[in-house]
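Peer 1: When we follow this note's numbering, the leftmost residue of the sequence shown carries the number 433, and every step to the right adds one.
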Amino acid sequence: MGREAFAEVSYAGRSGKAKVLLEAEGIIARRPVGMTIARASIRALAVEGGDLTGQADQGPFRLSLGAGEALKWKANLDRPLPTLAAKMGLRPGLAVWTLGPFEGSELVEALTGVVPVTPEQAVLGVARVTGPEAAEAVAACAPSPVWIVHDKGRAAVFGEAAVRTAMRAAGWIDSKACAVSATLSATRYGRRPAESG
Numbered sequence: 433m434g435r436e437a438f439a440e441v442s443y444a445g446r447s448g449k450a451k452v453l454l455e456a457e458g459i460i461a462r463r464p465v466g467m468t469i470a471r472a473s474i475r476a477l478a479v480e481g482g483d484l485t486g487q488a489d490q491g492p493f494r495l496s497l498g499a500g501e502a503l504k505w506k507a508n509l510d511r512p513l514p515t516l517a518a519k520m521g522l523r524p525g526l527a528v529w530t531l532g533p534f535e536g537s538e539l540v541e542a543l544t545g546v547v548p549v550t551p552e553q554a555v556l557g558v559a560r561v562t563g564p565e566a567a568e569a570v571a572a573c574a575p576s577p578v579w580i581v582h583d584k585g586r587a588a589v590f591g592e593a594a595v596r597t598a599m600r601a602a603g604w605i606d607s608k609a610c611a612v613s614a615t616l617s618a619t620r621y622g623r624r625p626a627e628s629g
């Protein structure tokens, strides 16, 4: 996803020029319009001249993006989002070391069919951490690479920044991140390569 433009927006009785973002959750119009069109509710997409049009829960919408950009936005919205399993490189039969508990249907579904193994046998690790002790334990024994699942948002007690600090101090480097759910994110870490002298 990740597209952005400045466009005339019309939806749900609101209209105006605003910065619009195309994100996984849908189309987000910043102030002064200030609204989100949920991706799951978008249907009947079309490009009319330079406008992207469609229907959503609160009626028809129109974004005046210009012909080329409208076609790109439509193509992105027509393409299904990758699953969490695909984002994390998980598939049935893959040898995965896990450290839980894994709450939430998204994560449980993503891990469906993987073969649980020891860290030494694993191709990939997935660990849920809730505090510095858990992060230190993962850093000490996890296979490389490992996905660290942590709380997200400002209210997170042990979130992305705290995990990154703990993992980097133990010689790991982050390389990728993805949303797991509304309250969880995952960051992939690999062992930092040894410096040649």
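C-beta: ideal position from N, C-alpha, C; glycine also.
Apart from the five residues just before and just after LEU531, which ones in its own chain have a Cβ nearer than 6 Å to its Cβ?
Peer 2: For LEU531, where only same-chain residues beyond five positions count, the Cβ hits under 6 Å are ALA559.
Peer 1: Going by alpha carbons, who is nearest to ALA461 out of SER473, ARG475 and TYR443?
Peer 2: TYR443
Peer 1: List the residues that DSSP assigns as beta-bridge partners of PRO548.
Peer 2: Looking at the DSSP assignment, PRO548 forms a beta bridge with VAL528.
Peer 1: So, at 7 Å on beta carbons, what are the nonlocal neighbours of LYS504 in its own chain, with the 5 sequence-adjacent residues on each side left out?
Peer 2: ARG435
Peer 1: Where are the beta strand (DSSP E) runs, 3 residues long or more, that stay fully inside the stretch 547-628, in chain order?
Peer 2: Taking only runs of at least 3 residues, the beta strand (DSSP E) segments lying wholly in the stretch 547-628 are 556-560, 578-583, 604-611 and 616-623.
Peer 1: ALA571 and ALA602 - do their beta-carbons sit closer together than 9 Å?
Peer 2: yes
Peer 1: Look at GLY581 and LEU616 and say whether their C-beta atoms are less than 9 Å apart.
Peer 2: The identity of residue 581 in the sequence shown is Val, whereas the question assumes Gly. Closer than 9 Å, so yes.
Peer 1: Helix, strand or coil for ALA444, going by three-state DSSP, please let me know.
Peer 2: coil
Peer 1: Just to confirm my understanding: we take VAL528, look at its own chain, exclude 5 residues before and 5 after, and list those with CB closer than 8 Å. What are they?
Peer 2: LEU522, LEU543, VAL546, VAL547, PRO548, VAL549, ALA554, VAL555, LEU556, GLY557 and VAL558
Peer 1: State the beta-bridge partners of GLN490 as determined by DSSP.
Peer 2: BP columns for GLN490 are empty, so no partner.
Peer 1: To which residues does DSSP link ALA439 through a beta bridge?
Peer 2: ALA450
Peer 1: Name the DSSP beta bridge partners of GLY458, please?
Peer 2: GLU455 and ALA470
Peer 1: Pull up the DSSP beta-bridge partners for ASP483, would you.
Peer 2: Per DSSP, GLU480 and SER496.
Peer 1: Give me the residue from PRO551, VAL540, ASP583 and GLU541 with the minimum Cα distance to VAL561.
Peer 2: ASP583
Peer 1: Can you tell me whether PRO575 is buried or exposed? The criterion is at least 16 other CB atoms within 10 Å of its CB, across all chains shown.
Peer 2: buried
Peer 1: Buried or exposed, going by whether 16 or more other CB atoms sit within 10 Å of the CB of PRO577?
Peer 2: Around the beta carbon of PRO577, 16 or more other beta carbons lie within 10 angstroms, which makes this residue buried.
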